[in-house]
Amino acid sequence: MAKQYETVIGLEVHVELATKTKIFCGCSTAFGGAPNTHTCPVCTGMPGSLPVLNKQVVEYAMAVGIATNCKITKNCKFDRKNYFYPDNPQNYQISQLYLPICRDGHVDIETENGVKSIGIHEIHMEEDAGKLIHDEWEDCSLVDFNRSGVPLIEIVSEPDMRSADEVIAYLEKLRLIIQYLGASDCKLNEGSMRADVNLSVREVGAKEYGTRTEMKNLNSFKAIARAIEGEKARQIDLIEDGKEVVQETRRWNDDKEYSYAMRSKEDAQDYRYFPEPDLAPVVISDEWLSRIKNEQPEFRDAKIKRYKEEYGIPDYDIDIITNSKHLADIFEETIEGCGKPKEVSNWLMGDTMKLMKEAGQDVEDIKFSPNNLAKLINMIDEGVINRTVGKEVFAKIFKEDVEPEQYVKDNGLKVVNDEGALRSTIEKIVADNPQSVEDYKGGKKKAMGFLVGQTMKAMKGQADPAMINKILKEILDK
Numbered sequence: 024m025a026k027q028y029e030t031v032i033g034l035e036v037h038v039e040l041a042t043k044t045k046i047f048c049g050c051s052t053a054f055g056g057a058p059n060t061h062t063c064p065v066c067t068g069m070p071g072s073l074p075v076l077n078k079q080v081v082e083y084a085m086a087v088g089i090a091t092n093c094k095i096t097k098n099c100k101f102d103r104k105n106y107f108y109p110d111n112p113q114n115y116q117i118s119q120l121y122l123p124i125c126r127d128g129h130v131d132i133e134t135e136n137g138v139k140s141i142g143i144h145e146i147h148m149e150e151d152a153g154k155l156i157h158d159e160w161e162d163c164s165l166v167d168f169n170r171s172g173v174p175l176i177e178i179v180s181e182p183d184m185r186s187a188d189e190v191i192a193y194l195e196k197l198r199l200i201i202q203y204l205g206a207s208d209c210k211l212n213e214g215s216m217r218a219d220v221n222l223s224v225r226e227v228g229a230k231e232y233g234t235r236t237e238m239k240n241l242n243s244f245k246a247i248a249r250a251i252e253g254e255k256a257r258q259i260d261l262i263e264d265g266k267e268v269v270q271e272t273r274r275w276n277d278d279k280e281y282s283y284a285m286r287s288k289e290d291a292q293d294y295r296y297f298p299e300p301d302l303a304p305v306v307i308s309d310e311w312l313s314r315i316k317n318e319q320p321e322f323r324d325a326k327i328k329r330y331k332e333e334y335g336i337p338d339y340d341i342d343i344i345t346n347s348k349h350l351a352d353i354f355e356e357t358i359e360g361c362g363k364p365k366e367v368s369n370w371l372m373g374d375t376m377k378l379m380k381e382a383g384q385d386v387e388d389i390k391f392s393p394n395n396l397a398k399l400i401n402m403i404d405e406g407v408i409n410r411t412v413g414k415e416v417f418a419k420i421f422k423e424d425v426e427p428e429q430y431v432k433d434n435g436l437k438v439v440n441d442e443g444a445l446r447s448t449i450e451k452i453v454a455d456n457p458q459s460v461e462d463y464k465g466g467k468k469k470a471m472g473f474l475v476g477q478t479m480k481a482m483k484g485q486a487d488p489a490m491i492n493k494i495l496k497e498i499l500d501k
């Protein structure tokens, strides 16, 4: 009988924090920008420059720690991790080894076998390195220090995951928690969330872990899932062939779907850590900690529960809406303006998603004001405009965030409630379409729909369908 193997996976997740300035200086953390424009003597490692800790970094790290059930280290400090690399301007990185700010936490994920708790070994604060750009044309490497000194937290899990599905569920849970806190936008494509995968395989039932490899360069959930499957298969093949798995760092090439060795970890690098001499220890008071605890938002799980109780909208809608804090905020603010949760949900799930897809946008790119959507819903509800016109107006709100009342007024889109004018239009349509009148009298109900459509066309969509139906019926049933 063939041997059965299980995969053992732990993750190191780096998250760039959403501070406006870097961790130890006042330079901008904005993504993009011409190379080396968001820099100063501190983040380019100039001799004699001194770091000053950004308080907001500590607050974000504490908030993520509290939300992931960690113990907060009230007296923590920074350490110097020494290594020489061209994108590391000081030749060391300021990080936390001995006393990380958070430790011993967990997050719960949904798996096919029910809820599973994934342990978090620690969360520590550190600075990001710069970025090397390899120019093949000129055959040289260029360095951009814009990212150098951008604040990171590194979330180190326990090796508790056993499949790609569990890894993705854990990452999605982390990403949502961090986005709900506003601590980072967690955009994998921009590198503000990066995951390194530590993976080993062992025979089912074995107590000892196998030899692990670390995989880097994973910038999407799909790439992470493919890399896990690829590395698992590679390690099993080696074991089956009687070869040994080498402990090493590997780089995943998602285009070619294979990984290759970057460097061996046989002799793990000696980073010569020592306490960072230029920074005082961080002392977290009880008052400070309780303030951060009290500022925790309502997270997704609590929102789902409340939406089910309060709004009576389908579970599917709740799932999609709460999957983005931005969308959930739009939903709640629009309800405040119109008090119609089901209508708001319909507009978000229907027209918003459709227009987003057409524009190739992401949920986070939605820019329209919830107040304008609320006004539009109220206008349709009060019969000021009909739903067809409403859809046309919403397309303008979605693209340009127009004020709906003004837009309807400027473009003459109000429903025509003048019964006399409507009646004379309908009488003309009836006179012009004797065949449809005959079909209607012969019991063909579709004929009625055709006449309603013709009337709407004549009224440029600005009539109340209910009123058209009522007048048409009167005329036809004479």
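Mapped onto our numbering, the consecutive letters of the sequence shown carry residue numbers 24 to 501. Every residue, glycine too, gets a C-beta built ideally from N, C-alpha and C.
In this structure, the beta-carbon distance from Glu189 to His144 does not fall below 9 Å. Judged by DSSP secondary structure, Pro488 falls within the alpha helix (DSSP H) whose first and last residues are 488-499. In the three-state reduction of the DSSP assignment, Thr236 falls in the strand class, which pools E and B. Residue environment for Arg329: exposed (fewer than 16 other C-beta atoms within 10 angstroms of its C-beta). The C-alpha of Gly68 is placed about 56 Å away from the C-alpha of Lys363. Within the same chain, Cβ atoms closer than 7 Å to the Cβ of Lys326 are found at Thr345, Ala351, the five residues on either side in sequence being excluded.
When DSSP states are grouped into helix, strand and coil, Ala41 belongs to the coil group. Around the beta-carbon of Gln477, 16 or more other beta-carbon atoms lie within 10 Å, marking it buried. Here Phe297 carries a strand assignment [DSSP, helix/strand/coil]. Taking a cut-off of 8 Å on C-beta distances, the stretch 28-40 touches the stretch 210-225, as three or more cross pairs fall below it. By the Cβ neighbour-count rule, His157 is exposed, with fewer than 16 other Cβ atoms within 10 Å of its own.
If only uninterrupted alpha helix (DSSP H) runs of at least 4 residues are considered, those enclosed by the stretch 161-210 are 187-204. Secondary structure at Gly373: helix, using DSSP grouped into helix, strand and coil. Counting along the chain, the unbroken alpha helix (DSSP H) around Cys361 starts and ends at 348-361. The alpha-carbon of Leu175 is positioned some 26 Å away from that of Ser282. CA-CA distance, Phe417 to Met376, rounds to 12 Å.
Asn92 and His61 do not touch by the CB rule: their CB atoms are close to 35 Å apart, not below 8 Å. For Cys361 and Asn401, the gap between their C-alpha atoms comes out near 6 Å. For Ser164, same chain residues with a beta-carbon under 8 Å away, outside a window of 5 residues either side, are Pro109, Leu155, Ile156, His157, Asp158 in chain order.
Lys451 sits exposed, since fewer than 16 C-beta atoms from the chains shown fall within 10 Å of its C-beta. Restricting attention to Asp455, Lys480, Asn492, Met482, the CA atom closest to the CA of Met471 is found in Asn492. Cα atoms of Met85 and Gln119: separation of roughly 14 Å, rounded to the nearest angstrom. Straight-line spacing of the CA atoms in Ser243 and Ala284 works out to 20 Å. The shortest CA-to-CA distance from Ile498 to any of Ile336, Lys316, Leu445 is the one to Leu445.
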